[in-house]
Amino acid sequence: MFPRPIQQTRVTTQIAYRIALPVALIIWLLPLLGVAMTSLKPASDLAKGNYFGWPSHLAFVNYADVFRNSPIAQYILNSFKVTIPTVIGAVALSCMTGFALAVYRFRLNLVIFFIFVAGNFVPFQILMVPVRDLTLQLGLYNTITGLALFHISFQTGFCTLFMRNFIRALPSELIEAARVEGVSEVKIFWYIVLPLMRPAIAALSVLVFTFIWNDYFWATVLTNGSSTQPVTAGLYSLNGQWVAQWQLVSAGSLVAALPPVLMFFAMQRHFIAGLTLGAVK
Amino acid sequence: MSPLLQGAITIVLGVGGCVAYFYLSNILLDTVIFPARGRDPGRNINRANMVRPWLFLAPAIFAAGLYLAYPVFGSFYRSLFNRDGNQFIGAGNYFALWGDPAFRRALLNNFLWVLVVPAAATFLGLLAAQLTDRLRWGNIAKSLIFMPMAISFVGASLIWKFVYANNSQIGLINAIRAWLGFGAPIDPLQIPFWNNFFLMVILIWIQTGFAMVILSAALRGIPEETVEAAVIDGANPFQIFFRIKVPQIMPTIMVVWTTITILVLKIFDIVYTTTGGNFGTQILPSYMMSYMFRDDGRATAVAMVIMVVVLPVMVWNIVQARKELR
Chain A
1 MFPRPIQQTR VTTQIAYRIA LPVALIIWLL PLLGVAMTSL KPASDLAKGN
51 YFGWPSHLAF VNYADVFRNS PIAQYILNSF KVTIPTVIGA VALSCMTGFA
101 LAVYRFRLNL VIFFIFVAGN FVPFQILMVP VRDLTLQLGL YNTITGLALF
151 HISFQTGFCT LFMRNFIRAL PSELIEAARV EGVSEVKIFW YIVLPLMRPA
201 IAALSVLVFT FIWNDYFWAT VLTNGSSTQP VTAGLYSLNG QWVAQWQLVS
251 AGSLVAALPP VLMFFAMQRH FIAGLTLGAV K
Chain B
1 MSPLLQGAIT IVLGVGGCVA YFYLSNILLD TVIFPARGRD PGRNINRANM
51 VRPWLFLAPA IFAAGLYLAY PVFGSFYRSL FNRDGNQFIG AGNYFALWGD
101 PAFRRALLNN FLWVLVVPAA ATFLGLLAAQ LTDRLRWGNI AKSLIFMPMA
151 ISFVGASLIW KFVYANNSQI GLINAIRAWL GFGAPIDPLQ IPFWNNFFLM
201 VILIWIQTGF AMVILSAALR GIPEETVEAA VIDGANPFQI FFRIKVPQIM
251 PTIMVVWTTI TILVLKIFDI VYTTTGGNFG TQILPSYMMS YMFRDDGRAT
301 AVAMVIMVVV LPVMVWNIVQ ARKELR
């Protein structure tokens, strides 16, 4: 049997495995652990120079302070307001386009598909100035609507690529059989293909959620000010205000990272399925 | 009206609009424009079927055209004009870039990033995938290695500031130096040349999880017989790994490598939020941000340079995708 379970190998290998791997893992997570510990230290500890020892008591008050003394709640709300419509919009649009590109044969099919693929890889820097000007002209600059609309269009490229490949892998007999029975195309999409796409929709939703939540580029280009900026941009400006208040910086960073990390742990299976499908196919 | 209600209404309207558009346009096509009756129903059905895909595609093509195709040409056009956009200066912006030592520094650093980050992330990811595959708690280890991937680049940069801080009481590196008895604390991000690598570590830290997940799926897909045959022939674990397993997952390794390469050429967050491009750490995307809202001609010219650098990798990636479609 291969791979051999580690219990059946030589003792030295076993010891190396048992010790080296956990140590490597702890080093890997050290930056995160350090920040988590700093975020729970009372300010008095930091003033005394107790940076690395255990906190003298767990100061959850740091987290309360972050919410009380900064607009981080507003930033997080903004992030949700941008992220949720984007997930819904991009996934809904790409279900349709993916269906069209996977099921119908027509002349420009491949051409359009590769436009979507290329759009997926185009460096977004090239879009910066024109998109900003366009958003200004449309009066959507520094609005959540403008940011969400842009994200929807940009993400649709990746999502379409993903959906098209997923639908392509479905058995085509299902669709043909339905056609022979005289089921209309709308009903084929709605009652046959869409239910089968559920895993893809779940995977894509989780992926897009993290992408958009973590976006910083478009947040700086298309918004300014705490009433519209999402939490990534907000965190950066707060970092400027909190000079040397390390306990606040660390608590803020963790609060901002929490939604995507929780999402990741809750939907881990879908997240990984999504990455694998999106990258390899 | 409360923002929550407003949001809910927007979502309902948006999704409802999509469904309505899609449903009504199909009905319109089937019953009004090309009805399956009259003198030549067969021809009408064929025509309706030729038009139908475009109904599904129209909204997305509109969105992609508005926000993708137009800007690519718009950027190039804009890069031929001066700062205020009212005077045509041809390739002037590009010559100015080439004459700027900061630009050449950024270009050079970018090549360093492209050489180091994808290689390191892919290698570490492969190592992690192979080592955790044989552990009982391997899946937990994988989740933990993968976790940085869910954190934003800005968040990760702030977290790593705690590692690099110029203070032996906050900065992890300086704490270790102090513990080992070295002298005054240093700022790792101000050490010329090497600071680039310290910044790369942050991106490697984030991307290793991605490489690991993809490569671990590929490793599991290797037919067991090939490995068994090698074991029977007396191959040692290293030979099995490098001679049997790695060649079989080479296409996946290349996909991971190129995907990370394309990402590296776009990421500005890390440099922008840690050093702001000072101390010789500038890379092209962050260099471009320094012109944002100051000189659009120069900024778009940098964007075109980034595009040209990404293009070969992009084309390679698309050709690979195309091969798989056939």
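Heads up: the sequence lines are chains A and B, in that order. Its first residue numbered 1, the first sequence is counted upward by one per residue in this note's numbering. Its first residue numbered 1, the second sequence is counted upward by one per residue in this note's numbering. No residue lacks a Cβ here, since even glycine has one placed at the ideal position from N, Cα and C.
Residue pairing for Phe81 (chain B): DSSP places it in a beta bridge opposite B:Phe88. Of the residues A:Ala118, A:Thr97 and A:Arg18, the one whose Cα lies closest to the Cα of Leu311 (chain B) is A:Ala118.
Apart from sequence neighbours up to five positions away, the residues of its chain that approach Thr226 (chain B) with a beta-carbon distance below 8 Å are Ile244 and Gln248, ordered along the chain. Sixteen is the threshold: when 16 or more other Cβ atoms of the shown chains lie within 10 Å of the Cβ of Pro130 (chain A), as they do, the residue is buried. Closest option to Leu32 (chain A), judged by alpha-carbon separation, among B:Ala150, B:Asp30, B:Ala20 and B:Gly85: B:Ala150. Scanning chain B for C-beta atoms nearer than 7 Å to the C-beta of Ser253 (chain A) yields Gly155, Leu158 and Ile159, reported in chain order. Around the beta carbon of Ile15 (chain A), fewer than 16 other beta carbons sit within 10 angstroms, so the residue counts as exposed. Met147 (chain B) and Ile267 (chain B) have their C-alpha atoms some 19 Å from each other. If you draw a straight line from the Cα of Ala64 (chain A) to the Cα of Ile72 (chain A), it comes to about 11 Å. Contact between Leu21 (chain A) and Ala211 (chain B) is absent: CB atoms are separated by about 18 Å, not below the 8 Å threshold. In terms of beta-carbon proximity, Arg104 (chain B) stays away from the interface with chain A, with every pair separated by 8 Å or more.
Residues of chain A whose Cβ lies closer than 8 Å to the Cβ of Ala141 (chain B) are, in chain order, Leu21 and Leu25.
Per DSSP, Met149 (chain B) lies in no alpha helix (DSSP H) segment and is marked neither H nor E. For Gly98 (chain A), the secondary structure class from DSSP, reduced to helix, strand or coil, is helix. At a cut-off of 8 Å, the C-beta of Leu107 (chain B) has no neighbouring C-beta in chain A. DSSP, read as helix, strand or coil, puts Asp295 (chain B) in coil. Gln74 (chain A) and Val82 (chain A) have their C-alpha atoms spaced approximately 12 Å apart. Residues Leu170 of the same chain have their beta carbon placed closer than 7 Å to that of Leu196 (chain A), with the five preceding and five following residues left out of the count.
By alpha-carbon distance to Phe80 (chain A), the top candidate from A:Leu101, A:Ala36, A:Arg269 and A:Val208 is A:Val208. Where Thr132 (chain B) is concerned, the enclosing alpha helix (DSSP H) starts and stops at Pro101 to Thr132. DSSP, reduced to helix, strand and coil, places Ala165 (chain B) outside both helices and strands of the structure shown, so it counts as coil. Residues of the same chain with a CB within less than 6 Å of the CB of Val231 (chain A), apart from the 5 flanking positions on each side, are Tyr75, Ile76, Ser79 and Ala256 in chain order. Selection B:Ile253, B:Ala106, B:Arg105 and B:Leu189 evaluated against Leu127 (chain B) yields B:Ile253 as nearest (Cα-Cα).
A check of alpha carbon separations from Phe121 (chain A) across B:Ile270, B:Val271, B:Pro285 and B:Leu263 identifies B:Leu263 as the nearest. Using a Cβ distance threshold of 8 Å, Met292 (chain B) and Val302 (chain B) do not count as a contacting pair.
Neighbours of Ser75 (chain B) in chain A, taken as residues at a C-beta separation under 9 Å, are given in chain order as Gln125, Ile126, Leu127, Met128, Val129 and Pro130. In the three-state reduction of the DSSP assignment, His57 (chain A) falls in the coil class, being assigned neither a helical nor a strand state. Residue environment: Met250 (chain B) is assigned as exposed (fewer than 16 neighbouring CB atoms within 10 Å of its CB, all protein chains considered). The DSSP assignment places complete alpha helix (DSSP H) segments of no fewer than 4 residues inside the segment 264 to 294 of chain B at 269 to 274 and 284 to 289, in order along the chain. Relative to the Cα of Ala58 (chain B), the nearest Cα in the group A:Leu248, A:Val261, A:Phe99 and A:Phe162 belongs to A:Phe99. For Val180 (chain A), the enclosing alpha helix (DSSP H) starts and ends at Ser172 to Val180. In this structure, the beta-carbon distance from Thr122 (chain B) to Ile260 (chain B) falls below 8 Å. Within the segment 187 to 264 of chain B, the alpha helix (DSSP H) runs of at least 4 residues that lie entirely inside it are, in chain order, 194 to 220, 224 to 232 and 250 to 264. Taking 4 residues as the shortest admissible run, the segment 147 to 224 of chain A contains the following complete alpha helix (DSSP H) segments, listed from N- to C-terminal end: 172 to 180, 198 to 213 and 217 to 222.
Closest in C-alpha terms to Gly155 (chain B), from the list B:Ala106, B:Asn236, B:Tyr23 and B:Thr273, comes B:Thr273. Rounded to the nearest whole angstrom, the C-alpha separation of Ile270 (chain B) and Leu203 (chain B) is 8 Å.
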